[in-house]
Every structure is written in C-alpha cells, then in structure tokens.
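Number of protein chains: 4
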Amino acid sequence: MIVILRKNPEQRQLENLIQWLKSLNLDVHLSVGETSIILGLIGDTSSVDIDLIRALDIVEDVKRVQEPYKNANRKFHPDDTIIEITADVKIGGGNKVMMAGPCSVESIDQICEVARRVKAAGAEILRGGAFKPRTSPYAFQGLGETGINYLLEAKKQTGLPIVTELMNISQLPLFDEIDIIQIGARNMQNYDLLKEMGHCGKPVLLKRGLANTLEELLMSAEYIMANGNQRVMLCERGIRTFETAMRNTLDLAAVPLLKDLSHLPVIVDPSHATGIAKLVKPMAMAAIAAGADGLIIEVHNDPPHALCDGAQSLTPEAFDVVAACVKNLIPLSFHW
Amino acid sequence: MIVILRKNPEQRQLENLIQWLKSLNLDVHLSVGETSIILGLIGDTSSVDIDLIRALDIVEDVKRVQEPYKNANRKFHPDDTIIEITADVKIGGGNKVMMAGPCSVESIDQICEVARRVKAAGAEILRGGAFKPRTSPYAFQGLGETGINYLLEAKKQTGLPIVTELMNISQLPLFDEIDIIQIGARNMQNYDLLKEMGHCGKPVLLKRGLANTLEELLMSAEYIMANGNQRVMLCERGIRTFETAMRNTLDLAAVPLLKDLSHLPVIVDPSHATGIAKLVKPMAMAAIAAGADGLIIEVHNDPPHALCDGAQSLTPEAFDVVAACVKNLIPLSFHW
Amino acid sequence: MIVILRKNPEQRQLENLIQWLKSLNLDVHLSVGETSIILGLIGDTSSVDIDLIRALDIVEDVKRVQEPYKNANRKFHPDDTIIEITADVKIGGGNKVMMAGPCSVESIDQICEVARRVKAAGAEILRGGAFKPRTSPYAFQGLGETGINYLLEAKKQTGLPIVTELMNISQLPLFDEIDIIQIGARNMQNYDLLKEMGHCGKPVLLKRGLANTLEELLMSAEYIMANGNQRVMLCERGIRTFETAMRNTLDLAAVPLLKDLSHLPVIVDPSHATGIAKLVKPMAMAAIAAGADGLIIEVHNDPPHALCDGAQSLTPEAFDVVAACVKNLIPLSFHW
Amino acid sequence: MIVILRKNPEQRQLENLIQWLKSLNLDVHLSVGETSIILGLIGDTSSVDIDLIRALDIVEDVKRVQEPYKNANRKFHPDDTIIEITADVKIGGGNKVMMAGPCSVESIDQICEVARRVKAAGAEILRGGAFKPRTSPYAFQGLGETGINYLLEAKKQTGLPIVTELMNISQLPLFDEIDIIQIGARNMQNYDLLKEMGHCGKPVLLKRGLANTLEELLMSAEYIMANGNQRVMLCERGIRTFETAMRNTLDLAAVPLLKDLSHLPVIVDPSHATGIAKLVKPMAMAAIAAGADGLIIEVHNDPPHALCDGAQSLTPEAFDVVAACVKNLIPLSFHW
C-alpha cells in the first residue's frame, strides 16, 4: 500500500501517522520528493482500512499494491478450486458444467418437463426461480415455498441437482435439499446475507452486481469465504452501461481476468446478460472460448398462452442445439 | 403501452394476443403499416408484465407510455407529500431539512458531541451509522446494537430525531425509537426489506442504488408504498460512472426530475456522492438551488489519532459554515 | 415511428402536426386513449428529424419503430457484404481475416520485421500507426508521413496490405497506396471526416467510440455509405464503463447483434479493448466463437530499451500461438 | 510517479529500468517489500510516457502522483484565468457570463430576433450553430457559411459577441470575426483540431466529451495551451451514463473540482445536458450555486410550423425568467 502525503505535512502529524501505521505491524518506507512525500507500507495490508487513511488531513491519496482479498486470491491458492456438487458433477479445474432451466418455476408439470428436456440435452444442473426479485411490486414474485417443492420433485424425477436463488435469510430452512444457493445480482453486496452464506455449508453461485467491479465481486466472495465456506462460484451476468441495444453488457474479459486473480470457478449467464434469445448461442460459445467453467442458460417449455413458439428464453429445441455446440467446443478449448 | 409486432405475424397468434390483452381489461388499437403492426393498449397497464409480452414470439418490442408506478406518481397525487418527523420537523412541501452527523457511531462521547455541534449549527436531524455495509469483510462493521443505544442517548440529550441505516429485517426490533429508517444504496432493490418497510410504519429514507435509474428508485418507493407506508423520502447520493475523480457522480438533475415525476420529498447526500470534503459545500448549495427538500451531510469530530484537522467528512467548524450558507440560500430558493 | 402526445393537446396544434407529418409523405394513424393520444407514422421515416418532433410542445415522446439507417441495414441488404482487399484477401461472408502489427510504426526495421513475423504466423493484413491520437500533447504522436512510407516499404517486402489510421482530411493524399483506412474511436463522430471517407473509395475500418451505442456506430457507417462508399467494416474495441480492471469493456455481444442488424463485416480488437496482453488470446478466441469476421491484434517486436520480454502487446512468439489457435477455431465456427 | 514491479524481477532488467528512468532526469527511490518492489520517481514526470512504462514486462502497474498537465494546472498558475472577450465582457475570476441563443441558426430574422431578446434579458454572448454535428446523415446539418454570416449580422445589430462551433480546420477562415470558437463534445479528442486551436489566437470553449474524464478534458485543454493559446474555457455539458430519463447526466461536481484543479473558467450547459426544457432553470441555478463562471443556454423563438409554444429549448419569455433568477443569485454566490 502506498500513501501519498500532501505537500509540507506538519512534522507532528507525520510522526503520528508513521507511529500508528507501525502499530498495525507494517514496515513504513519513506520517500521524500520535491513535491510530495510517499510512504510505502510493507506487510499484510488486507485488513487496513483504506478509507480511514485516505480521510486523514495530511494524506492526498492511498493506492493499493496488493489485492484486498485473501481467501479468494490465486496468489495464495494457486490451484483451481473444484466444487463437487454430486459424485458425478464437479465444477472448476477443467470440469465444465451446463446449468439450464426456466426463469421462474410455474408449475410442477412445467419444471419436470423442462428438467427432462435439459437433462436429455446434456445439462447437469437444473435452474429455476422460486423466489423472484422483481422491479415492480405488481409483477409476479415467484411461487415461493411451493416453487422450491416443485424443484425438489423435479430433482427426484431426473436426478438433476438444483440451483435456485435465495433472497433473504429467513428462507434458508427451505433450502435444505437445494444443491447450490444462488445469490442474485441485486444482493451481491447484501453483506448479512453473504455472512450467512459463509455458515450455510452449501455451494454458492454468486452473481456479479450490475454496477459492481470485479474487485467488489471478489470481496463479496471473500465475505462468504472468510465466514467459513470456500465453495463459491463467481457468475458474470452483464453489467449496466449506456448501451441499450441489449439488456446489459456481458463482460467476457471478466472470465480470464477473474480466473487469473482467483482460483474460484467462473460461470457465465448469457440469457440474463443479453435478454435476447438469438444472442444466447453466440455468447455461450464465446464464454466457453474465453475459458468459462460453466454456463447457466434459461430454457422455457410453456409459452404463455400458447402465443409464442420461441420466446426470449430458449425453447428446449433451441437449447438442444446450443448444448450440442457447446459440447463440441469444450474438448477443443483444452488445447488452446 | 405500445406493442410493436414483427412483420407478418401468424393470424392465429395475433388474434390470441389481442384476446389475451383484452382479458386484462385493456382496449387494443390496431395500426397496420407497411413494415410493422402496432398495438396501442389503452387502460391501466401498471400491472401488465412487460417482460412477458416482450417475450412473445410475434412481438418485436414493447414501449411504455405511462409510468409503471402509481402511489409515488405525482399525476395521481399532485400535492407534495409532507412527512412530519416531530411536531417541529417536517420534510417536503417547502419544508427543507438538514440532517448531519458522523458516518459511523464510534463512542457515546463522539456521537453526543457531534449531535450538540450540528444542532447548534442548525441541523434538525442526527445521522450516524450503527450497522455499516462495508465492501471488505475485514473492515469495521459498526457498533451494531450498542451504536443504536448511543444514538438514542444523543437523541435524549439533544432532542434531535435520529436517522440510521437498517441492513436486515432481524435488526428491526432495535429501531423502535429511531425516527427515520435509512435503506442504503446497496439495498435499494432488496425487495423483502422494502416490503417490510411497508409494514413498519416509520418514515423511510430510501437511497438510490449506484446503478439504478430514477424509474427503478421510484419503483422501489412503490414497493414500500404499495405495502402500506406512504412516508418515503428519496435520496440522491451519486451514481457509478466512468469518472474516477470523485467517488460517484452526483446526479443533481435527478432532483427537479424526481420532484416532477413524484410528490415525495427528495434529499441529497453530497458527502457520500463525492467523497471529497471540499466538494460538500458547493454541492450542498447546488442541491438546494436545484430544489432539494433537504441535505444529509457527514460531520466528524474525532479525527482518528489526532492526525487530521479536516478529514473528508467535515469538521464541526466547517459544517458551521456550510449550514450557515445553506440557511441563507433556502429562503431565496422560494422566490425562483 | 410513434408520436405520443401530451394530454389534451390543443385541437389546432394537433391538426397542424398531422398536416405537417402528411406533407412528409407519411400516413398518420391516430389512437385516442384515456390518458394520451398516439400517432402511428407509417412510411419511410429514416429522414424524419426525430429531435424536431420531440421538441414540439404537444409531444410527450417519440419512439422509433424502424432503424434510422438504410444502407447499413440488413433488412434492405440481406446478403453479407464481402470486401475484397486484394485478390487473395476478402473480408465478410464467411471470410475471416487476421490483421496484426505494432501499435506505432517506430522504424523501418521494426515494421518490416514485425510484418515478416505476423505474415509467417498467418496474418493477412499489416496494421501499424503512423498518426497516433494521444491523450497527452507531450506523448509521442507517431512518425507521420515517414511512418506511412515505412508501412509501404513493409507492404512491398511482404505483400501484406496495410491498415492504418487517418486522423484528419489533410492527410488523405498520403494514403494513396494504403489499403484500408482506419477511423479511430475518437473520430467515430467526426462527421466531416466520415463524409470524406464516403468519397475516398477505399475500404474503411470504422472503430466504435468509447461511449457510442451500436446504433450510433451504424449511423456513422451510414454517413460513409450515404456518401458513396459501401466498403465499411465495423470494429468493436471496447466501451467505457465503471470497471477499471481492464482498459475498456469489450462488448462481444455487439458482434452477433451488429451482424443481425447489418450486413457489414465486424472486426474485433482485443488488444486495445483490454490493454492486457494475457487477455488477448482468450478474447480473440471468444470473438471468433461469437461470429466475428476478423481480428486486429497488436504485435510488437522491439521491446523498448530491451527491458521487456513480453510487453502488453504480444511478442511475435506469443502471436504465433494466438494465430495458430484462431486458425484451428475458425473452420469449426462454421459448423455451429 | 510510482512504478510497482512484478515479484522477483530479473536483476538485469531492474537495473536497465532504473538506468533509463534516471536518464529522463528523474530521481529513483527503491522500496523493497516482501511481495513487491516499488520505485518512486521524483522530478518532472509530465512528459514521461506512462503507457510505455506500464508495457514493460517487469512492471505490474504505474500510478501517477502528479497531474499530467501543466499549463492548465492551478498548482503552477494559482490565479484564475480571466478571458477578455470584449472591453465589457470578461469571463473568469469572478466575472460570470451568460451565453444564450438557438441550437441552430435558421434564418436571418430568427437569429437577429433571438439576439435582441436574449440581450434584453441580460445575455452577454450570443450562441448559435452554423455547422451542426448530427448523428444521422439525413438530418439538417446547419446553414454553414450562410449561418456564420447571419450570426455576424446579429452581432452587428446587437453588439453581442458570438460563440459558435467549428467542426473542422478547413472552416477556420470563416471564423475571422467570430469571438469564441466552440469545440464540440464529439471533437474533444480531435487532436489535430485542438492543435490548430492552439495557433488560432481566439478564445476557445472546449466541451467535455460524453465519455471523457475531467483529466482528459484538462489534457485536451493542455493540447491547446501547449500550442500557444491560453484562453480556454472548459464546458461541462453532461456525460453518458446508464440513466435514460435525461439525455445525459450533468456532472455538477465537476465544476468545483475543475476549478480546484485548474485556473481556467468553467461554463455549464444545462440545455444539452438534460435535453428537457423544464430542467434548464433548476440546473442553471445549481450550476451558479456550485461556482460556475457562466452558463450557455438554448433559446428559440421560431417554433417550427407554429406548432409549439414552448419547445425543449426555452422560449425568450422562459429565458427572461431564468436570466432574472440567475442575475439575482450571482451576487449572493460571492458571499458563500
């Protein structure tokens, strides 16, 4: 960590600052220049409160040299984390995974039928929302507990493990037999929820917030890991930019960068990122080509009121094609 | 609401769609052009699920004509909402309010001393964080329940009502004597928390999320209002952009625009928005000039380890100046 | 085009507006609802000045139904544009192209050596900057005319066609033997330059501006095409967002979306987009997987002062690997 | 400037780097830590090519401590720049200025009538576009030379100095009697144009690009100043963000920050920033309250086809009110 001081600091303040930094078990290197003084802090700075230092009168700026996360940091854990969901389904370390299913669980028939279809196409994990975060209080908020029960029935019928979103701590008892807990983009910095995820002992799929940096995503993973749960997957699902042609801007360079910074698996959600069905296949292919450890894709079999043959979430038929293409691409991606 | 159809829709699909829209109590106007067909939906569309329609195969795009919020909409409630905090302190409808206090409650002495100072300078509400959302799990997370008790002691000593942040529903019992509950930017779309705020019966200060549009802010207010609580204040505190010279970009045009769209009071937080102490005064003045109903400003009296004379949150002395300037500006602002 | 009127417009104004719209050869469909009146405009609206209509007192909003570009629009030109650079090098319509070379031309030896190396690795076009747009007036601004001559010498030695940036119209006479003129991101909306490109008769590589939408990119292509030059390539090179971990955010979903909206070839620049050498390979692969018609990649052989073995632009050795991987991926991409 | 090296650099490379930095007349301070080595560079680093250093293999990151601009930097020129337009009209150093006029010059009657009206209301400079940058090649591109002549006629009739946009160097001869040359947002990084502005000897109003940081704006001013012209005004006119409720997001905190970083006058354009007529007054007031040295406001007297009584640019009547309010606010703003 580097602390840049304002010009001509009071000597007493400077000494106090250095004294205090040393009391945090840091070595302090002083460089005195013509227009500024620089302090180099050597040691473990991950628990230093950077805002506190930046707030000091004599400080002009503070710049980190080291990442502020440890558990999630590849420097300290060079090997890929591999998360075992079942005996057959592993994620990370070269194990690529396909998660698929409807946006919302709507009925027992719908979810079981989609489960069968995506399993047949090669998906290894079933997704589906029982608790739905909706911008409008007047929109459908999900089936809740009933939706969880339908998902568990689909799991029983197909053997597919389940990933579904948890929106608040009080819902946790319902998630006992759920295999992966999803923390949605809007809750990426709901720190109490993250701490609870640290204690829950289940794999967590942590979605990047719409306006969150990769460092913040890793810090949110760090919240879970520092509280005891190392089984975290990071999910890129698009960020908010000025571009309005797609719902969000899928940040695929995040994939190799996150894998460089961290040992955690990285999953890509091309459906929510783009909001456009015809972009799902090219973005799924691109995500695999960029090194993603898995995909999570929306598939829907029950067009509302039979009006649509191919809605923005894929039909099972369209998903068959995506899954087949991805399956062909994966083995090649190991040779790059 | 306007539904733009793809070219040459199947006749059966088109009829099904129109039938279904009519079943939602909407009048449907059909315009057939050379390259597209347009449906104009007339009636109350606020509870229509726009994503569902957009997902239909025969639909190219859907555009709203009316705002999707009702309770928060000035069209349906032309008069300004006035929120009475105490017999003396009202917010909205021409009543301007100054909230001030430290970022975090640190000790009983600190909070009581700041309370006295900001009251003397003219602040009418004391702010201070007991539960702190922090990006890093290793940073200070606030004093929690103890912090709440210190705030209540400061209220007892000075008579100032208290605004402080609630991060999760389980903390609610501690907020019995708190006057205004703050929902932080990171929780602006924590919908379960918003619903609970609808039931809690207390005034709510709802901060805009870093990547949230004004419409989304109003929809989050709508969550609280639709669940029974009409006493909501909107707070502009900066949005995330590419600019890195300030912490966030304070969107002051949001003030007159929100006041045009909605009857709810609009508060501005220049401290968090900019993160730079010397910008607080000009931005406070600008906010009042733009028509804000109040300000929430960070004031700190306990420079850490006596190192700083003027940290990024204002000293009480600096706040005296800001408060005096604002006090002079407010009466003028009514003549514009 | 849809015009949404304010509530209760004056009858005289409404009639004037309709009259005027009809004078533009548009059919006007009137839908009168409870809370608003909607005009549907049928006909060729691409030359209607949307801002003018939006500025009218009685108009609340205007929404386009059709794209405002024609020449660049796939709806009117369903077949892929194929741009023939030389007898051997074609771009678009399934012809994938690799452009490579240094950021700046620095010396005759450097550019010729890089040209040989990238040609050996499979590149078909040589890139290199002679005129360099630099944020700082104190930074190296390129070799200018000398740089152009060095590029032409490299072309002579290797046979590789050249793509290089033109920054202003007065430089055009120097570009006689240049094969592709690059318009940089900062000049994407330099309309006088675009018009000149319409007259110049050479293929143009048009880079997306850092804050420009895809529609604006297509409108800038339209400037060139409407002025007579149909040989335009669109280049995605990253947009500016709040994320600071990479230089820009590469928007790969732009690739399939642009190819859906337009018949023009789409090229991806992973080097400038990310600014990080180790991200070039995964992003190059992802771009091809997403359907890009080509890549433009920075390769540098002359590490400044021999200090660096692998700078942020790739070494020729690293490029050999990227080019080989891309070459293997391309034939597969046709089967998806 | 601080250079952070990768772990365990090769000794030879490190020595080469230090040697080279010293050859640039910099002192180099070496701090060796457990996990990284830091070089502090002391001396004039404004002409050091930061990208070149960052590109070195052994370098992990480079961070500036000093601003990369000199001429525009308040540290080196503590006093406000005052730009004298005429004997009566000065800008900066406490001299506030109001510029007003139509978006485009449309006819001799229109521009002269608006000129009279805005002069009567208190405007001191007439704005109006003769060359118009338009997103669409099919939209009105301005009257060009004729528009310039109309502006000069309005100047003759009213005595108001003129500010108007120059889009390319070849138009410069037409600007002989123009008082202030405006460089538009889309040309903020058109470096050849900026260099020419350095030689032209006229005051320049430099508009911030839609995706440009304040540092980049100052660097573009530096281009003009380093080429010999110190009379530059900076203009904040909104940046591009995810928010779609306004045309752009007006960044008013830029005003005090720019005035802190630089001695140049700062002008605010509330009309283009918001694109909404009713936001112009509150944002004009807020800009003055934030410390702006002037405003540039759109006023239009010729509603197209008599359809609109109050378009999005203000009518002269509405401008009368804005100008009167601003006039009242200005003297107060000196006492804050």
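In the order they appear, the protein sequences are chains A, B, C and D. FYI, the numbering for the first sequence is 1 to 336, going by our numbering. FYI, the numbering for the second sequence is 337 to 672, going by our numbering. FYI, the numbering for the third sequence is 673 to 1008, going by our numbering. FYI, the numbering for the fourth sequence is 1009 to 1344, going by our numbering. Where a beta carbon is used, it is the ideal one built from N, C-alpha and C, also for glycine. All of these numbers come straight from a predicted model, not from anything done at the bench.
For Asn-1000 (chain C), the secondary structure class from DSSP, reduced to helix, strand or coil, is helix.
No Cβ-Cβ contact shorter than 7 angstroms links Gly-43 (chain A) with His-29 (chain A). Listed in chain order, the alpha helix (DSSP H) runs fully inside the stretch 200-229 of chain A are 214-226, counting runs of at least 4 residues. In this structure, the beta-carbon distance from Ala-772 (chain C) to Val-971 (chain C) falls below 7 angstroms. Within chain B, no residue has its CB atom less than 7 angstroms from the CB of Gln-110 (chain A), the nearest being about 15 angstroms off. Listed in chain order, the non-local C-beta contacts of Asp-1187 (chain D) below 6 angstroms within the same chain comprise Ile-1093, Pro-1169 and Ile-1170, local neighbours out to five positions each way being set aside.
Look at Gly-1048 (chain D) here: in three-state DSSP terms it is strand. The residues His-935, in chain order, have a CB closer than 7 angstroms to that of His-749 (chain C) in the same chain once the five nearest residues on each side in sequence are set aside. Two segments are said to touch when three or more pairs of C-beta atoms, one from each, lie closer than 8 angstroms; by this definition the stretch 211-230 of chain A touches the stretch 906-925 of chain C. In the DSSP assignment, Ser-1039 (chain D) falls within the unbroken beta strand (DSSP E) covering 1035-1040. With contacts defined as CB atoms closer than 7 angstroms, Leu-815 (chain C) and Val-777 (chain C) qualify as a contacting pair. For Gln-518 (chain B), the enclosing beta strand (DSSP E) begins and ends at 516-519. With respect to the C-alpha of Lys-96 (chain A), the residue from A:Ala-123, A:Lys-202 and A:Val-321 having the closest C-alpha is A:Ala-123.
When the beta-carbon positions are compared, Ala-956 (chain C) and Asn-743 (chain C) stay at least 7 angstroms from each other. Those residues of the stretch 425-443 of chain B placed with their C-beta closer than 8 angstroms to a C-beta in chain A do not exist. Residue range 683-695 is occupied by the alpha helix (DSSP H) that includes Ile-690 (chain C). With a threshold of 7 angstroms between beta carbons, Met-1227 (chain D) makes no contact with chain B. Proximity of chain C to Ile-239 (chain A) at the Cβ level (cut-off 8 angstroms) is accounted for by Thr-913, Phe-914, Glu-915 and Thr-921, in chain order. For the pair Gly-534 (chain B) and Ile-517 (chain B), the CB atoms are not nearer than the 7 angstroms cut-off. Each residue's CA atom was taken as its position, placing Ile-53 (chain A) and Asn-25 (chain A) some 15 angstroms apart.
Taking Arg-567 (chain B) as reference, the option from B:Thr-610, B:Val-657, B:Gly-545 and B:Leu-541 with the minimal CA-CA separation is B:Leu-541. Counting other Cβ atoms within 10 Å of its Cβ, Pro-173 (chain A) stays below 16 and is therefore classed as exposed.
Of the candidates B:Leu-586, B:Asn-584, B:Val-602 and B:Arg-583, the residue whose Cα lies closest to the Cα of Pro-592 (chain B) is B:Val-602. Within its own chain, the residues whose Cβ lies closer than 8 angstroms to the Cβ of Glu-1153 (chain D), once the five positions on either side in sequence are excluded, are Ala-1138 and Leu-1182, listed in chain order. At a beta-carbon threshold of 9 angstroms, the residues of chain C lying near Met-1175 (chain D) are Asn-862, Tyr-863 and Asp-864, ordered along the chain. Straight through space, the alpha carbons of Arg-117 (chain A) and Phe-319 (chain A) are spaced by roughly 9 angstroms.
Taking CB atoms only, Gly-1217 (chain D) has no neighbour in chain A less than 7 angstroms away.
Under the three-state reduction of DSSP output, Ile-948 (chain C) falls in the coil class, being neither helix nor strand. One thing to note: Ile-83 (chain A) has its Cβ no nearer than 7 angstroms to the Cβ of Pro-270 (chain A). Think of a sphere of 7 angstroms around the beta carbon of His-1037 (chain D): the chain A residues whose beta carbon falls inside it are Ser-31, in chain order. By the rule that beta-carbons nearer than 7 angstroms mark a contact, Tyr-559 (chain B) touches chain A.
If you check each beta-carbon in the stretch 1282-1294 of chain D against every beta-carbon of chain B, the ones closer than 8 angstroms belong to Thr-1282, Ile-1284, Lys-1286, Leu-1287, Lys-1289, Pro-1290, Met-1291, Met-1293 and Ala-1294. Those residues of the stretch 1323-1335 of chain D placed with their C-beta closer than 9 angstroms to a C-beta in chain A do not exist. Within the stretch 1141-1175 of chain D, contact with chain C at the beta-carbon level (separation under 9 angstroms) is assigned to Pro-1141, Arg-1142, Thr-1143, Ser-1144, Pro-1145, Tyr-1146, Ala-1147, Phe-1148, Gln-1149 and Met-1175.
By alpha-carbon distance to Val-65 (chain A), the top candidate from A:Ala-87, A:Ser-313, A:Ser-46 and A:Arg-74 is A:Ser-46. Taking C-beta atoms as the reference points, Met-555 (chain B) and Ser-136 (chain A) count as a pair closer than 7 angstroms.
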